[in-house]
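In the working numbering, the protein residues as written are 5 to 294.
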């Protein structure tokens, strides 16, 4: 069996980025008023039903919020009064998500079934939003290990993630990594187009980038890894989102286009929601650097 190494290091793109705007001119005292166009508030649906291996997967939650103007102090407004249900299309099982407060809707009765399709139905403000996804399986993480020689800088610690891709299958993955020193997780999209049936060796090295809250791994630091088996469409969606996150911090950069997920407003298609309905099996692992 061949081992294929996939190194990621240097300026790794993040799904979330803190954007700091630096004054471009000094000594300018004139006040300049800039009209910033404001888009209408949209419903944001955070619906990721993840079944972690070794658990029942019955406890799931979905968060609803409304977007707010960019310069508002509140980044989003929780949504109450919505009706949410998820239906197993293959078995016709129905799972109702009840509001728990702060825009969180939850159930403890969800039943994950591999290769079954699930349909999300959200009713809010007299509009109906629908999305459908299939629950994809994922392999186990074979091993987590540390080294210094697999990345670009031999002085930096790096995390090595090993997993074996199944033969004769088309698989798409999201690799999610976060340590106890990271403000936000780092995400990577990966598919097996050229590595089908091989053991994958994925190397994750963090360079020193304080402006973006990124610091090298240190002894004693613990990293949490999640390997998700996802659909091709979700893989492509996340790839675009990860790519767009790399434009932050440049006031003259192109403004990223709004990415539309798989959630459709069947009442008014122009009044679409933000977000993506995901159903995934997840393999997890923890590693503490020595």
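Here a beta-carbon is modelled for each residue, glycine too, at the ideal position from N, C-alpha and C.
Length of the line joining the Cα atoms of residue 170 and residue 204: Position 166 of the chain shown, counting from 1, holds the residue named residue 170. Position 200 of the chain shown, counting from 1, holds the residue named residue 204. Distance between the alpha carbons of residue 170 and residue 204: 11 Å.
Cβ contact check for the region 142-153 and the region 165-179: 3 or more pairs under 8 Å: yes
Cross-strand partners of residue 70 (DSSP beta bridge): The residue labelled residue 70 in the question sits at position 66 within the chain shown. Paired residues: 47, 81.
Residue range of the unbroken beta strand (DSSP E) whose run includes residue 245: By 1-based counting over the chain shown, the position of residue 245 is 241. Segment 236-248 is the alpha helix (DSSP H) holding residue 245; no beta strand (DSSP E) there.
Closest residue to residue 192 among 185, 184, 176 (Cα-Cα distance): Position 188 of the chain shown, counting from 1, holds the residue named residue 192. Nearest option by C-alpha distance: 176.
Helix, strand or coil at residue 215 according to DSSP, with G and I counted as helix: What you label residue 215 is simply residue 211 of the chain shown in a count that begins at 1. Three-state DSSP puts residue 215 in a helix.
Local Cβ density within 10 Å of residue 63, reported as buried at 16 or more and exposed below that: One-based indexing of the chain shown puts residue 63 at position 59. Residue 63 should be labelled exposed.
Nearest candidate by alpha-carbon position, reference residue 134, set 236, 265, 291, 114: As a working note, residue 134 is residue 130 in the chain shown. Nearest option by C-alpha distance: 265.
The region 267-279 / the region 120-137 touching (three or more Cβ pairs under 8 Å): yes
DSSP state of residue 29 mapped onto helix, strand, coil: Reading the chain shown from its first residue, position 25 is the one you call residue 29. Note on residue 29: pLDDT 39, under 50, position unreliable in the model; no value is reported.
Exposure label - residue 197; buried when at least 16 CB within 10 Å: Sequence index remark: in the chain shown, residue 197 carries index 193 (1-based). Its Cβ having fewer than 16 others within 10 Å, residue 197 is exposed.
Simplified DSSP state of residue 115, which is helix, strand or coil: As a working mapping, residue 115 is identified with position 111 in the chain shown. If DSSP states are grouped into helix, strand and coil, residue 115 belongs with coil.
Boundaries (first-last residue) of the beta strand (DSSP E) holding residue 285: Here residue 285 refers to the residue found at position 281 when the chain shown is read from its first residue. Its beta strand (DSSP E) spans residues 278-292.
Beta-carbon proximity check, residue 90 vs residue 122, cutoff 8 Å: Within the chain shown, numbered from 1, the residue matching residue 90 stands at position 86. Within the chain shown, numbered from 1, the residue matching residue 122 stands at position 118. A contact, by the Cβ cut-off of 8 Å.
Reduced DSSP secondary structure (H/G/I, E/B, other) of residue 139: Locating residue 139 in the chain shown gives position 135, where the first residue counts as 1. Correct three-state label for residue 139: coil.
Backbone CA spacing between residue 296 and residue 271 [nearest angstrom]: Residue 296 lies beyond the residue range present for the chain, which begins at 5 and ends at 294; the question has no answer from this structure.
8 Å Cβ cutoff met for residue 263 and residue 241: Position 259 of the chain shown, counting from 1, holds the residue named residue 263. Position 237 of the chain shown, counting from 1, holds the residue named residue 241. Contact: yes.
Beta-carbon contacts of residue 234 that lie in its chain and below 8 Å, excluding the five residues immediately before and after: Numbered from 1 along the chain shown, position 230 holds the residue referred to as residue 234. Excluding positions up to five away in sequence, the list reads 140, 176, 177, 178, 242, 282, 284.
Residue range of the beta strand (DSSP E) that includes residue 165: As a working note, residue 165 is residue 161 in the chain shown. It spans 162-168 - the beta strand (DSSP E) in which residue 165 sits, taken as one unbroken run.
Sheet register partners of residue 131 (DSSP bridge): Here residue 131 corresponds to residue number 127 of the chain shown, with the count starting at 1. According to DSSP, which records beta bridges pairwise, residue 131 is partnered with 128.
Reduced DSSP category for residue 86 - H, G, I as helix; E, B as strand; rest coil: To locate residue 86, count along the chain shown from 1; it is residue 82. Of the three classes helix, strand and coil, the one that applies to residue 86 here is coil, per DSSP.
Minimum C-alpha distance to residue 51 - residue among 111, 45, 94: Looking up residue 51 in the chain shown gives position 47. When only C-alpha atoms are compared, the closest one is 111.
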